[in-house]
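Notes follow once the structure below has been shown.
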Amino acid sequence: MAMAEGKARTMSAKEIASLGESGIRPRPSFWSRFVRNRRAVVGAALLVIFVAIAVFAPQIAPFEAEEQNIVNRLRAPDSNYLMGTDQLGRDIFSRAVFATQVSMPIGVFAMIVAVTVGVSIGMASGYFGGVTDNILMRLTDMLLAFPVFFLLLTVTTLFGRTLPVLTLLLGLTSWGVVARVVRSQVLAVKETDFVEAAHSVGASHLAILRRHIFPNILPIVIVDATLRVALVILIEGGISFLGVGIQPPTPSWGNMVAEGTALLRRAWWMSVFPGAFLFLCTMSFNLMGDGLRDALDPRFSPN
Amino acid sequence: MQQYLLRRLLQMVPVFIGITFITFLMISLAPGDPVVSLFPPEVLDRVDLDLLRDQLGLNDPLPTQYVRMMGRFFSGELVSFAERRPAIDLIFARLFPTLLFSGLAIVCALIIGLPVAIISALKPYSLFDNVSTVSVLTGLSLPQFWIALILVLIFSERLRILPSSGIRPISASSYDPIEMFPYLIMPTFVLVIGLLPSVVRYSRSSMIDVLSQDYVRTAFAKGLANRTVWVRHALRNAILPVVTLVGAIFPLLLGGAVVVETIFGIPGIGRLAVRSAQVRDLPVILSLNIFTAVLILFSNMITDVLYTTLDPRIRLG
Numbered sequence: 001m002a003m004a005e006g007k008a009r010t011m012s013a014k015e016i017a018s019l020g021e022s023g024i025r026p027r028p029s030f031w032s033r034f035v036r037n038r039r040a041v042v043g044a045a046l047l048v049i050f051v052a053i054a055v056f057a058p059q060i061a062p063f064e065a066e067e068q069n070i071v072n073r074l075r076a077p078d079s080n081y082l083m084g085t086d087q088l089g090r091d092i093f094s095r096a097v098f099a100t101q102v103s104m105p106i107g108v109f110a111m112i113v114a115v116t117v118g119v120s121i122g123m124a125s126g127y128f129g130g131v132t133d134n135i136l137m138r139l140t141d142m143l144l145a146f147p148v149f150f151l152l153l154t155v156t157t158l159f160g161r162t163l164p165v166l167t168l169l170l171g172l173t174s175w176g177v178v179a180r181v182v183r184s185q186v187l188a189v190k191e192t193d194f195v196e197a198a199h200s201v202g203a204s205h206l207a208i209l210r211r212h213i214f215p216n217i218l219p220i221v222i223v224d225a226t227l228r229v230a231l232v233i234l235i236e237g238g239i240s241f242l243g244v245g246i247q248p249p250t251p252s253w254g255n256m257v258a259e260g261t262a263l264l265r266r267a268w269w270m271s272v273f274p275g276a277f278l279f280l281c282t283m284s285f286n287l288m289g290d291g292l293r294d295a296l297d298p299r300f301s302p303n
Numbered sequence: 001m002q003q004y005l006l007r008r009l010l011q012m013v014p015v016f017i018g019i020t021f022i023t024f025l026m027i028s029l030a031p032g033d034p035v036v037s038l039f040p041p042e043v044l045d046r047v048d049l050d051l052l053r054d055q056l057g058l059n060d061p062l063p064t065q066y067v068r069m070m071g072r073f074f075s076g077e078l079v080s081f082a083e084r085r086p087a088i089d090l091i092f093a094r095l096f097p098t099l100l101f102s103g104l105a106i107v108c109a110l111i112i113g114l115p116v117a118i119i120s121a122l123k124p125y126s127l128f129d130n131v132s133t134v135s136v137l138t139g140l141s142l143p144q145f146w147i148a149l150i151l152v153l154i155f156s157e158r159l160r161i162l163p164s165s166g167i168r169p170i171s172a173s174s175y176d177p178i179e180m181f182p183y184l185i186m187p188t189f190v191l192v193i194g195l196l197p198s199v200v201r202y203s204r205s206s207m208i209d210v211l212s213q214d215y216v217r218t219a220f221a222k223g224l225a226n227r228t229v230w231v232r233h234a235l236r237n238a239i240l241p242v243v244t245l246v247g248a249i250f251p252l253l254l255g256g257a258v259v260v261e262t263i264f265g266i267p268g269i270g271r272l273a274v275r276s277a278q279v280r281d282l283p284v285i286l287s288l289n290i291f292t293a294v295l296i297l298f299s300n301m302i303t304d305v306l307y308t309t310l311d312p313r314i315r316l317g
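If you're matching them up, the sequences are chains A and B in order.
Anchor point for the first sequence: position 195 equals 195 in our numbering, and the numbering is continuous, going up by one each time.
Anchor point for the second sequence: position 211 equals 211 in our numbering, and the numbering is continuous, going up by one each time.
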């Protein structure tokens, strides 16, 4: 089994030195590649800020999310109400902060659902091939033939809009691309010598999938998972904006923007600030994912 | 070629049946009574719901309902619960604005996106490329509804130079491009923002891919001018895969249409989808899902066929 591990042989110091002479340098480590990418660092910093906002929301927000102060309704931003107030006198800043506690977990959990389903289907499809592949890929085709928003409008209307249901639906409607990407990776990995070697020493399918194929597709799965959180948060924002996602009074960036549309002329801050939160949070995951891709995926290496 | 087309069409059949059946199952298995939502609560107790359910065929077994619904869809007899008109008529009546904006958005996205992608690919990791990558990531992260509202705020509310809703002046009786122009700018802009990241990203990697091919290196090696190699050898081959992209971005466009049509008050199928989802108008929801799925299946097929026709290296096996 040791032969079949599929890990690259470690080079001796002498070999590395000779590579340097021939002008070929070994690939820099993951960390140095990630840190060198300024976009990735900015994304990581932004992400840390958003995680902190989500965790410390009660300490950060000066007001409760649903605390009404009707005397101060539709106040423009000032030192007391940093981002103004809405038609019920609720503090926009506090609500946007508490919305972080709603949207980020939805994004992460829906991603976990999507990636779990997508990786399982993609691996089974690519590894077993034949009829299994055909059936699973046609299933994937079907999912991808639905425009996401049409599908979500339909299923959220039909199956309800509580947080767990919404999370599950967002995950179950977005595994299609994951399955396709994973499948194509598995197709390449399963032709390698180390997989063949594992076969020849009698390793079971499950063992091969788990110990030899999965570790090799992991970098691509990690990159996709990061980018998928961004996508799911954005889609959640969209359906909440359309009124079929998270329902008021629970604050979500999408439904806060929607509440502001009717009052756009009088209180622009009601829509503009929550939308900015949504944009920056999505951006943090996209920058992270892009940086991870540069660092993890040899095809996107700058050198 | 004919054989290939035929086989592609046949491959679509199971996917089509799958899509329609899944849609139908979702609708049938969903909790809640579609009949109840048709009436305001105050008249509900005066309506014989059981009789109505019987008349609408909602008490029959599921397979019977599926076959009947499909038969009705194809014969145009699937009638909207809410509007008492054939669902397919409702869709066709709202198709024009959606297709108009989709077409405009695709054309604009290609005109802007392709040159940006090509310049980025020729000098990867240059300043230009970095700026364009950051723009792509920004575009990917921008909520379309938020951008739309900010545009309305600036150009309709403050500057008052662009209309905030509709696709033509209320007084207009025909679709006159000149009259419509101001109405088209903001919705198209928002849709283009949704498409540009995919166009730039995809075309850039296609171009980089081609530039690393042996024949490009050979062309450089034999001393051809950079421009000649880029245009003659690289660009021509890099453009091909972009054709498939146009098919792939269609679902994206329909998703964008839902948001854009809602905000800008455009009477397209996106807004129809939102409204029929709100009142649980099953025949319309079903028809819309079938319709858009077929549209996407066909656009995928056409791009595939176009691709194989344009690229002589691909044999129709």
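Beta carbons are placed, not taken as given, at the ideal position from N, Cα and C, and that holds for glycine.
A distance of 7 Å or more separates the beta carbons of A:A230 and A:T156. Taking all protein chains in view, the Cβ of A:T173 is crowded by 16 or more other Cβ atoms within 10 Å, so the residue is classified as buried. According to DSSP, A:T85 shares a beta bridge with A:D91. Contact with chain A is found for B:E157, since one of that chain's Cβ atoms lies less than 7 Å from the residue's Cβ. Per the coordinates, the alpha-carbon of B:P97 lies some 34 Å from the alpha-carbon of A:D224. What B:I19 touches in chain A, judged by beta-carbon distance under 8 Å, is M142, A145, F146, going in chain order. Against chain B, a Cβ distance below 8 Å from A:L278 picks out P143, W146. Collapsing the DSSP output to three states places B:P115 in a helix. By the rule that beta-carbons nearer than 7 Å mark a contact, B:A93 does not touch chain A.
B:A225 and B:V231 have their C-alpha atoms some 10 Å from each other.
For a Cβ distance threshold of 7 Å, residue set L137 of chain B lies close to A:D290, ordered along the chain. According to DSSP, B:V79 shares a beta bridge with B:P86. Ranked by how close their Cα comes to the Cα of B:M12, the residues B:D304, B:D311, B:T308 have B:D304 in first place.
Closer than 7 Å at the C-beta level to chain B, one finds these residues of the segment 247-281 of chain A: V257, T261, L264, R265, W268, S271, V272, G275, L278, F279.
Taking C-beta atoms as the reference points, B:L153 and A:W31 fail to come closer than 7 Å. Taking A:D133 as reference, the option from A:I235, A:N72, A:A207, A:S184 with the minimal CA-CA separation is A:S184.
One thing to note: B:P143 has its Cβ within 7 Å of the Cβ of A:G275. In the three-state reduction of the DSSP assignment, B:V279 falls in the coil class. Listed in chain order, the non-local C-beta contacts of A:E67 below 8 Å within the same chain comprise R90, D91, S94, local neighbours out to five positions each way being set aside.
What A:G84 touches in chain B, judged by beta-carbon distance under 8 Å, is nothing: the nearest beta carbon there is about 14 Å away. Linking B:M26 to A:G107 through their CA atoms gives a straight-line distance of about 23 Å. For A:T157, the nearest CB of chain B lies under 7 Å from its own CB, placing it at the interface with that chain.
Taking 7 Å as the threshold, the shortest C-beta distance from A:R138 to chain B falls below it.
Between the C-alpha atoms of A:S120 and A:N69 there is a straight-line separation of about 50 Å.
Contact annotation: A:G176 and A:L218 have beta-carbon atoms that are not nearer than 7 Å. Under a criterion of Cβ atoms nearer than 8 Å, the residues of chain B adjacent to A:M283 are, in order, L137, T138, S141.
Rounded to whole angstroms, A:G171 and A:I220 show a C-alpha spacing of 18 Å. In terms of CA proximity to A:F98, A:S252 leads the group A:S284, A:S252, A:F159.
Minimum Cα-Cα distance from B:W146 among the listed residues B:G18, B:F264, B:Y4 corresponds to B:F264. Runs of the alpha helix (DSSP H) lying entirely within the segment 123-156 of chain B and spanning at least 4 residues, in chain order: 127-141, 144-151.
In this structure, the beta-carbon distance from B:G270 to B:E261 falls below 7 Å. Within the segment 272-288 of chain B, the residues whose Cβ lies closer than 8 Å to some Cβ of chain A are A273, V274, A277, Q278, R280, I285, L288, listed in chain order.
Interface with chain A (7 Å Cβ-Cβ cutoff): B:L254 is included.
Residue environment: B:S132 is assigned as buried (16 or more neighbouring CB atoms within 10 Å of its CB, all protein chains considered). If you ignore the 5 residues before and after B:E83, its C-beta comes within less than 7 Å of the C-beta of L90, all in its own chain and listed in chain order. Taking a cut-off of 8 Å for Cβ pairs, the segment 288-298 of chain B and the segment 212-228 of chain B do not touch, as fewer than three such pairs fall below it.
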